[in-house]
Amino acid sequence: MKFENVLFRFFIIWYICGVILLTFDLLPAWLEWANAVFLILSGLLAIVYFSKAFGRKAGYVISMVIFLFSYIAEFIGSSYGILFGEYYYTNRFAPNLFDVPIAIGFAWLMVMGTSHALANSISAKKWMQPIIGACIAVIIDLVIDPVAFKLKQYWIWEEDGVYYDIPFSNFLGWFIVALILHVFILFFSQEKNILWEKRMFYLFVLTITMFVLLAATGELWLAGILTACLAGLTLYAARRRKSS
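Residue numbers (our numbering): 7 to 250.
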């Protein structure tokens, strides 16, 4: 069996165990590192997707740029309050490098892999795909940020905002970073890989589902309902174009 298929199946097993433990608040404190592993596995799946869609060499280049660019953006953001707003990471999402969790770079890989696959399915117009992809990235953050901040305290916001005390600059920053990375991806020629495109759809659905469940158990109703509705519309748009 190929490594990427083993990786995908291992991710599914890890995901199921994680959803059960997190939803029913059964995750012990000593097992908090499992959340970082979930994001690392998600990011590795995105790397496989990019290597399948763009070829191994180009896929690795894309993945490396996404990881480094997003990590540097997060470092600058958390250190100087530029782009996202005033915030800092705690040690609950360790290991950290330069005060930024390593898992954050893999989280951005997951966000870019899923949003690219969906944007590519929603519109055939290349110039539209970065905009759509950036919007999908923000949709993902609409539930990730409240859960990670309010329930898990993986990072702490030092300025207020209307949406769960999260500043608007955070979502604008997400849009800008995702938009730049999606534009960068346009410089590479892509080949269709139906299997891994579907797996990115599954990754998107599974990630959204887990965080929506966590939002519900933590009574973050607006984040859960809003994200579920927007994610549903995104999937509907992708499927509608495929069937047309």
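In this text, a Cβ means the ideal position worked out from N, Cα and C, and glycines have one as well.
>> In this structure, how does DSSP classify I162 when only helix, strand and coil are distinguished?
In response: Residue numbering aside, residue 162 sits at position 156 when the sequence shown is read from its first letter. Strand.
> Expressed to the nearest angstrom, what Euclidean distance is found between the alpha-carbon atoms of E10 and V54?
Replying inline: The sequence position of residue 10 within the sequence shown is 4, counting from 1. The sequence position of residue 54 within the sequence shown is 48, counting from 1. Near 7 Å, if we compare the C-alpha coordinates of V54 and E10.
> Three or more beta-carbon pairs under 8 Å between the stretch 44-52 and the stretch 113-123, yes or no?
Replying inline: yes
> Less than 7 Å separating the beta-carbons of F217 and V149?
Replying inline: On the sequence shown, position 211 is the one that residue 217 refers to. On the sequence shown, position 143 is the one that residue 149 refers to. Yes. Within cutoff.
>> I need the boundaries of the beta strand (DSSP E) containing Y94, first residue and last residue.
In response: In the sequence shown, the residue the question calls residue 94 occupies position 88. Looking at the DSSP string, the run of the beta strand (DSSP E) that includes Y94 is 93-95.
> Would DSSP call P107 helix, strand or coil?
Replying inline: If you number the sequence shown from 1, residue 107 lands on position 101. Here P107 sits in strand by DSSP.
> Based on Cα-Cα distance, which residue from L157, L201, S57 lies nearest to S69?
Replying inline: By 1-based counting over the sequence shown, the position of residue 69 is 63. Comparing Cα-Cα distances from S69 to each of L157, L201, S57, the minimum goes to S57.
>> On the DSSP letters alone, give me the boundaries of the alpha helix (DSSP H) that F181 sits inside.
In response: Counting from 1 along the sequence shown, the entry for residue 181 is found at position 175. Where F181 is concerned, the enclosing alpha helix (DSSP H) stretches over 174-191.
> Three-state secondary structure (DSSP) at N102?
Replying inline: Counted from its first residue, the sequence shown places residue 102 at position 96. It is a strand residue.
> How about F104 and F81: do their beta carbons lie closer than 7 Å?
Replying inline: The count along the sequence shown starts at 1 and reaches residue 104 at position 98. The count along the sequence shown starts at 1 and reaches residue 81 at position 75. Taking 7 Å as the Cβ cut-off, F104 and F81 qualify as a contacting pair.
> Can you give the Cα-Cα distance for A113 and P173, rounded to whole angstroms?
Replying inline: Translated into positions along the sequence shown, residue 113 becomes position 107. Translated into positions along the sequence shown, residue 173 becomes position 167. C-alpha separation (whole angstroms): 20 Å.
> Rounded to whole angstroms, how far is the Cβ of P152 from the Cβ of A229, which I believe are closer than 8 Å?
Replying inline: Sequence index remark: in the sequence shown, residue 152 carries index 146 (1-based). Sequence index remark: in the sequence shown, residue 229 carries index 223 (1-based). With a contact defined as Cβ atoms closer than 8 Å, P152 and A229 qualify at about 4 Å.
> Buried or exposed: where does S127 fall if 16 or more other Cβ atoms within 10 Å of its Cβ makes it buried?
Replying inline: The sequence position of residue 127 within the sequence shown is 121, counting from 1. Label assigned to S127: buried.
> If we ignore side chains and look at the alpha-carbon of each, how far apart do G83 and W163 end up?
Replying inline: Translated into the one-based positions of the sequence shown, residue 83 becomes position 77. Translated into the one-based positions of the sequence shown, residue 163 becomes position 157. Roughly 11 Å separates the two Cα atoms.
>> For V117, tell me which candidate among V168, K63, T213 has the shortest Cα-Cα distance.
In response: For the purposes of this step, residue 117 is identified with residue 111 of the sequence shown, where counting begins at 1. Ranking the options by Cα distance to V117, first place goes to T213.
> Taking the continuous alpha helix (DSSP H) assigned at L219, which residues delimit it?
Replying inline: Residue mapping note: residue 219 aligns to position 213 of the sequence shown, counting from 1. 200-223 is the span of the alpha helix (DSSP H), which, as asked, contains L219.
>> By the three-class DSSP mapping on this structure, what secondary structure does Y55 have?
In response: Numbered from 1 along the sequence shown, position 49 holds the residue referred to as residue 55. The answer is helix: DSSP assigns Y55 an H, G or I state.
> Using the rule of at least 16 other Cβ atoms within 10 Å of the residue's Cβ for burial, across every protein chain shown, is E203 buried or exposed?
Replying inline: If you number the sequence shown from 1, residue 203 lands on position 197. Its Cβ being crowded by 16 or more others within 10 Å, E203 is buried.
> DSSP on Y169, reduced to helix/strand/coil?
Replying inline: The residue labelled residue 169 in the question sits at position 163 within the sequence shown. Strand.
> Tell me which same chain residues have a C-beta within less than 6 Å of the C-beta of A222, skipping the five on either side of it?
Replying inline: Position 216 of the sequence shown holds residue 222. Taken in chain order, the residues that qualify are G230.
> Going along the chain, which residues of its own chain have a beta-carbon closer than 6 Å to the beta-carbon of N176, five neighbours each way excluded?
Replying inline: Working through the sequence shown from its first residue, we reach residue 176 at position 170. Closer than 6 Å at Cβ, skipping near neighbours: F90, G91.
>> Between which two residues does the alpha helix (DSSP H) holding K63 run?
In response: Locating residue 63 in the sequence shown gives position 57, counting from the first residue. Taken as a continuous stretch (DSSP letters only), the alpha helix (DSSP H) holding K63 covers 62-86.
> Among Q135, A154, Y66, which residue has its Cα nearest to the Cα of R98?
Replying inline: For the purposes of this step, residue 98 is identified with residue 92 of the sequence shown, where counting begins at 1. Closest by alpha carbon: A154.
> Going by C-alpha distance, which of E225, L219, I200, E38 is nearest V25?
Replying inline: For this step, residue 25 is matched to residue 19 along the sequence shown. The candidate whose alpha carbon is nearest that of V25 is L219.
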